[in-house]
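Residue numbers (this note's numbering), protein chains in the order written: chain A, 582 to 864; chain B, 36 to 701; chain C, 991 to 1290; chain D, 3 to 150; chain E, 28 to 157.
Even glycine gets a Cβ: it sits at the ideal position worked out from N, Cα and C.
On a predicted model such as this, the values are computed, not experimentally measured, just so you know.
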Amino acid sequence: MKFSYFPGCTLKAEAGRSGETAISAAGALGVEVTELDQWQCCGAVYPLARDEIATKLSAVRALIDAKRAGLPLLTLCSACHHVIKRVNRDMAEDSDVRDRVNSYVAPEVPYGGETKVVHFLEMLRDHVGFDSVAKRVTAPLAGQRVAAYYGCMLLRPSSAMGFDDPENPSIMEGLIAAIGAEPVLYPQRNECCGGYLAIENKGAAKRRASEVVRSAAEHGADCIATTCPLCLYNLTENGAAGTMPVYDLTALLANALGLHVEPSSGCAAVCSVCSERNSAHAC
Amino acid sequence: MTKIGVFVCWCGSNIAATVDVDAVSEAIKAAPGVVFATNYQYMCSEGGQAAIRSAVAEHGLTGVVVCSCSPRMHEATFRKAAAGAGVNPYMVEIANIREQCSWIHKDKAEATAKAIALARAAVAKLNLDRPLTAPETPVTKRALVIGGGIAGIQTALDVADAGYEVDVVEKSPTIGGKMAMLDKTFPTLDCAACILTPKMVDAAAHEKITLYTYSEVEKVSGFVGNFTVDIKKRARSVSVDRCTGCGVCSEKCPSKRAKSEFDQGLRERSAIYIPFAQAIPNVPVIDRDTCLKFQTGKCGLCEKVCPSHAVDYSQEDEVITKQYGAIVAATGFKPIGLERFDEYAYSRSPDVVTSLEFERLCNAAGPTKGHLVRPSDGKEPKTVVFVQCVGSREASGIGAMKGKPYCSKICCMYTAKHAMLLREKYPDSEAYVFYIDVRTPGKNFDEFYRRAAEEYGVHYIKGMVGKVCDEGNGRLTVRASDLIENRQLLIDADMVVLAAAVEPDPSARALATLLTASMDTNDFFTEAHPKLRPVESPTAGVFLSGMCQGPKDIPDTVAQAGAAAAKVIGLLSKDRLVGNPCVASCDETLCNGCSACERVCPYGAISYETKTVVDRGAKDERRVASVNEALCQGCGACTVTCPSGAMDLRGFTGRQIMAEVDAICR
Amino acid sequence: MQNVRELMIKKAGEMLSSGEVYGVLAWERGDFACDQTPALFTSPESLSRLAYDEFTAPMLSKYLINEAKKPNEGKKVMVFLKPCDTYNFGHLLSEHKVERDRVYAVGVACSGIFSREKTLLEKCLACKGMEFHHCDEVIGGEGKITWDKLDRFAGVEMIESMTPSERFEFWRGELSRCIRCNACRNVCPVCSCVKCVFDNPGSGVMSKSNADEFEENMFHIIRAFHVAGRCTDCGECSRVCPRNIPLHLLNRKFIKDVNALFGPYQAGASLDDASPLTSYSVNDPEPGYKDKAKGGERVA
Amino acid sequence: MPVESAFQPKIAAFCCNWCSYAGADLAGSSRLSYPADVKIIRVPCSCRVNPLFILRAFQRGADGVIICGCHPGDCHYTSGNYFARRRAALLFSMLDYLGVESGRTRVEWVSAAEGQKFAATMNDFAKTVASLGKCRRIGDLRCRTSES
Amino acid sequence: MRVDNDDILRSSGTDVRKCMKCGKCSGACPSFDEMDFPPHIFVSMVERGDAAALLSSKSLWTCMSCFACVERCPRGVEPANVIEAVRASAMSPQGANRMRPEDVPVFLGAAGECLVPQQLLASAFRKYSR
């Protein structure tokens, strides 16, 4: 199994190790992942305005690179996945966008959405198989009640993302069960955490994130796990405030596979005041 | 060569005042084939008809042209007159010189010239007419009703009461359909079973009605008046003749884990079961998929305990073939599945139920014996949120549609009913109804809805539920908009009731294919005319009853069932069907076998077969079209789609119309 | 091309030797230079005569109508189809003129067909593409269009831009040359009626010669209408016309209108689609007389 | 082409039996006049109108051809007028392409209740056709040998 | 501020006339309490050509683009796209940027490292400036 890999800015940031963790976990599962040679920011938000072309270009370049390599394009960050998958769909289905983008990017062969964009979770479920994951687990997280947090961008709009039921998803729960923990279902798992507002309107982001954490706690979760770096940050920073650990699900996976990584959590950066890794603390 | 007589009518002064009738009858004598021409004051009068008779006798006419009023007025009259005089009635053509000429033109010379041209066109057409005989076919005086719900039962009863035999085919083990599952009915709140079960008993007891339950239609051939139908009676594994309905078998059956279809899965049933107490026939059926005897070979308990030795594991499916004159589709509906509507937490929480499940929870014969409680913990609900239009009135956007584009029509009323029932059972409860529109056209309907709001204190909120959160501990948080007050509501609810859209029963699609009856994009049967022939399918002899044609409530269903019955009775009352001879026919020597005509025929009247075609002595094996004249209605769509001209329309042949064109463009 | 020819001979030889097919529809050298002619090969030995090069213009699908019907102990006939011919094959299948299981269809690569004058044929300049449809296998792979493609509808648009009088004069000039040789009809895979209306005394429109000028034109208009929604735009009618009448301009007008009015449609591409004239949508546009811009000829 | 003031165009009107023919009857019984050179040919349905008939009319000297049928959705035979609409859209566009001006061909949906509309349509159509003058017959598309 | 309603309709790429005014978008919106004009009113105002009044709305900056409204709309109207289109239009005049490069340092640590996920900054720039 081979994939091209688009890490994206956040997971590539110096202190952000979850990208590497995920890739080593994939390696342990026999998946060969090659990072794209040169990649630019995916664009961070999908340009909803139909006439925006420039903001789609970098995603298309990544897609073309993957096409050249003849491999599906693996993504991990929810935002990157969302942007690249939707741009890819536009390239496949919207001839207007396709023509204009191709005339900008001018690849040797016009790009028409040929690359398959695969999320890390999707790769685990459909290419590795959760059964095989379970078989490779050496340090199961037995006894842990883990609440999967999907957030918004991973699932919606389902017609574009299309790998799980947008209202009653199961892919993260499948992985949580595979690594030996007990998945906790709670209604806020696919409601937005408000991460996007964390800069603009911290209060609102706090209210949303707290609601998510409260809901998970009420359903008896020991911790929350997510794959989205933005959610990870926001839930830790603005939601849990120390009351509930929030983990990167791929780190939990890596640990279960015996790779011994410190479950990275919260703000990917090191606290500038006390050098503590988890920023959900008072210093 | 046709010997044509032309009769120009004065229509009193209606024609004669503007058209020089003498000039017309004189001029037309020169037209090819015309051997006689005259004019008369009133051609439609007895005198006029007598003139036709005597001219036929005197001149040996084989065709008649009448220049008179519109054929829509008197074509039938003159055809009859011609037939009386010994001329084939289809050798009559009308030139419309009143509506199309004398009444709209003032200049006599102009009008006369046009009248002559119209007469020439009629003569030209008549020259190419061939005598036709209206086809007659006998009628099998028995009707088949497919579907044993209220629609099918009502149609069957009405047809049977008129003295005709009716067979009812029902795929489930009992008749009664969806109505049998309901608790109360709007707008009167009388109990569904109280009004339905007597009709079920009547149908079972009626000497003219035969019920085939647990049966399906497998094959249909033939056409109006003469259908041949194969009905597959699935093996019940219990002898209907011996069984007394005592119920010991179900009681003793050790396999009790199947979900009760009748109770919407809210209760478990045994493998040998009677769907509900008033089922007809009141004979159990063995569900072979869950029966231990059939699955493992062990058990056989029901056979041992049956006091009348009715259990018979060796029973096999049986196909019976019968003849029918008319077929009524009454296949009904089902609520749509809500798998894709999990924003309402339907699959997460047992306390989020569909309206039909709510009916069962209210029903005295239901899984809770009418004690309305939450399925999760058996507690009485205090706050219930009703959501209307779940899956109705949708449109596709960025993705495919989850629901249906139409209004399901019945939800507004039954939701009002449910809210009232709740408030009646638990006066301290709260009922919230979220609506987009409240649609209550119907006798006493709006009054009913207003009663729910005004007398029962049901909270009607214009807005929609966006998310239902199962908070655990039996709490449901409902997040919804209140558009009138422009706010978002969070309601702590004990139950949520979803008014799921209705859709045609899935069996309808296959049946439509068997019947060559057309369907719309939503799989509802199409009617022959949306306004004027609402209970007939475009396929002759096939009629529509109830929800299979479109969403409708019980009063509408019963009305339509009766209307369908009236149409069936009208058909069966005839000994022979006189058809329209002006139908399409295929010249096999010209047919290419391309199927284009088949695709455009709205009546499924064209079929293809491979046969030996003899063309001027040469034999050839070919795929050719054939027209079922009993089904063809004579529209002519096929004739134009056929490039080789193999298809032609009798009475309006290509050559005839071209002859008319030639005549009027002269 | 040489390589493709060898592969064709090899495959045909295998199929004939194994007895899987009773014959192979292909081409052989014709009587004139650059004039490859359809031929049925029934023995492996005869295959040395098989010709395939850039002058091999004729399409073979129409021959299947008769060949695939012959009993031949139920054996199949093998046929070579160029990409554009595969649409014709599809069309014939969809109209039941050919039974699919009596044919072994082999797509052969095409790199454009040249006229005797060594120029690329018009139909190739306006090539629809090199994909193969409905084939059992393909020899030589999908070709590439190496030339500047002509806009298929440019000619139609040019005529549309004329005034009605100019259009009338244009067509008068073109159709006047017709000698009713029927080559256009005989080569057309769609025009494969058992008996043509124009040959049928009972149709009321029979005309076999150029006796009456109206019938001449009626022939071309009706022929175009009869193939409307079915014509695959293979361009054979124009190619074979000895008087060089651009008949494809009639067919392409219908194709252009069908695409514009009822949605894009390529006859023969799919076996399932209902053709534009045997289907409808309740939202179809009204016939164009309301289009004021087109109007009639202005009176000075 | 100069227009003679007295020019009366010949018009062939194909009317379906169920709606438009009845509409014409209503125009008649309402005494609503339209030019005498509009002559009606009754067909069971607009879908019965073969392009052959239309060409034939032009060949025989018609200056305009109109097809009238039930309104879309109201066809007596459910779908006939939908097929007619497609065929007419293509054929009339083709005739225009051949130089028979689009003003000479028309499709109009006239119900049995629309006598007024029927008369108005025929008057308007006749006016349009009259303004186009005599129709060069399609037959003229081919020159006589003597002319060439 | 002037705004071309047609531009907004075009760039949103959605057909607001399909809205049947059920209010499901506003029933689903997790940010409803932060908004002055909730999603259904956005759609309604753009539909009747009154987008100008929305340019200064708070909702432009509190919509989280979480697509709950898009996912759940039964009519295939995409309210989030409409909001995004108005937001883009609000930022089109020069100097209308809501976020400037000089706002960034507070999110950086002593060594210039990013204290928030980089994606948050990137997206904020993309959303709040041109």
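Distance between beta carbons of residue j and residue i, contact taken as under 8 Å
i: Met530/B; j: Gly54/E; result: Not a contact, Cβ separation roughly 18 Å.
i: Thr41/E; j: Val109/E; result: 6 Å
i: Ala239/B; j: Pro316/B; result: 7 Å
i: Val319/B; j: Ser285/B; result: At residue 319/B the sequence reads Pro, which differs from the Val that was named. Yes, Pro319/B and Ser285/B are in contact; Cβ-Cβ is about 6 Å, under 8 Å.
i: Pro625/A; j: Ser150/E; result: The residue asked about is misnamed: residue 625/A is Ala in this sequence, not Pro. The Cβ separation is near 4 Å, so the contact holds.
i: Val866/A; j: Pro653/A; result: Missing from the structure shown is residue 866/A; chain A here goes from 582 to 864 and no further.
i: Val1195/C; j: Val1187/C; result: 6 Å
i: Cys102/B; j: Ala66/B; result: Not really, about 12 Å apart at Cβ, beyond 8 Å.
Same chain only: Cβ atoms within 6 Å of residue i, ignoring 5 sequence neighbours per side
i: Val593/B; result: Gln189
i: Leu666/B; result: Phe258, Ala575, Tyr638 and Ala640
i: Ala380/B; result: Val387, Val503 and Asp505
Euclidean distance between Cα positions of residue i and residue j
i: Gly509/B; j: Ala640/B; result: 59 Å
i: Ala79/E; j: Met1120/C; result: 52 Å
i: Val131/E; j: Ala137/E; result: 13 Å
i: Thr551/B; j: Asp202/B; result: 20 Å
i: Val614/A; j: Val714/A; result: 17 Å
i: Cys17/D; j: Cys72/D; result: 9 Å
i: Asp65/D; j: Arg474/B; result: 53 Å
i: Tyr1270/C; j: Arg458/B; result: 51 Å
i: Leu134/D; j: Gly652/B; result: 52 Å
i: Thr112/B; j: Leu1165/C; result: 50 Å
i: Val264/B; j: Ser620/B; result: 26 Å
i: Thr512/B; j: Asp527/B; result: 5 Å
Interface residues of chain B facing residue i [CB-CB closer than 9 Å]
i: Val143/E; result: Residues of chain B passing the Cβ test: none, with the nearest at roughly 28 Å.
Own chain residues within Cβ distance below 7 Å of residue i, not counting five before or after
i: Leu518/B; result: Lys497 and Gly498
i: Cys281/B; result: Pro342
i: Asn32/E; result: Val73, Gly76 and Ala78
i: Phe393/B; result: His453 and Val532
Within chain A, partners of residue i - CB distance below 9 Å
i: Met72/E; result: By Cβ distance, chain A contributes nothing, its closest Cβ being about 18 Å from Met72/E, past 9 Å.
Proximal chain C residues relative to residue i, where beta-carbon distance stays under 8 Å
i: Thr625/B; result: One point to set straight first is that residue 625/B is Leu, not Thr, in the sequence displayed. Going along chain C in sequence order, the residues near Leu625/B (Cβ under 8 Å) are Cys1183, Val1184, Lys1185 and Asn1190.
Near the ligand FMN: residue i beta-carbon under 8 Å from a heavy atom
i: Gly1192/C; result: Of the ligands one can find in the structure shown there are none, so the ligand FMN has no counterpart to examine.
Cross-chain neighbours of residue i in chain E, by beta carbon under 7 Å
i: Gln135/B; result: Residues of chain E passing the Cβ test: none, with the nearest at roughly 45 Å.
Contacts that residue i makes with chain B (C-beta to C-beta distance below 8 Å)
i: Leu1110/C; result: Here the premise fails: no neighbours, minimum Cβ distance about 32 Å.
8 Å CB neighbourhood of residue i in its chain, flanking five on each side removed
i: Gly1285/C; result: Unreliable placement is indicated for Gly1285/C, whose pLDDT of 36 sits below 50; the coordinate value is still reported in the next sentence. The answer is none, since no qualifying residue turns up.
Amino acids of chain A, ordered along the chain, whose beta-carbon sits closer than 7 Å to that of residue i
i: Gly40/E; result: Arg631
Chain-ordered chain E contacts of residue i [CB-CB under 8 Å]
i: Tyr814/A; result: Val143, Pro144 and Leu147
Amino acids of chain B, ordered along the chain, whose beta-carbon sits closer than 7 Å to that of residue i
i: Asp746/A; result: Asp377
Contacts that residue i makes with chain E (C-beta to C-beta distance below 9 Å)
i: Cys281/B; result: Neighbours of Cys281/B on chain E: none; closest Cβ ~50 Å, over 9 Å.
- Message: As an exercise, report each continuous alpha helix (DSSP H) stretch of at least 4 residues that is fully enclosed by the segment 65-153 of chain B, in chain order.
- Response: Within the segment 65-153 of chain B, the runs of alpha helix (DSSP H) that reach at least 4 residues and sit entirely inside it are, in chain order, 81-94 and 106-119.
- Segments assigned alpha helix (DSSP H), at least 4 residues, entirely inside the segment 1002-1078 of chain C: 1054-1057
- Fully enclosed by the segment 424-496 of chain B, which alpha helix (DSSP H) runs are 4 residues long or longer? 446-460 and 480-489, all fully within the segment 424-496 of chain B.
- Item | Length-filtered (4 minimum) alpha helix (DSSP H) runs lying within the segment 75-116 of chain E | 86-89 and 95-99
- beta strand (DSSP E) segments (min. 3 residues) lying fully within the segment 647-671 of chain A: 654-656
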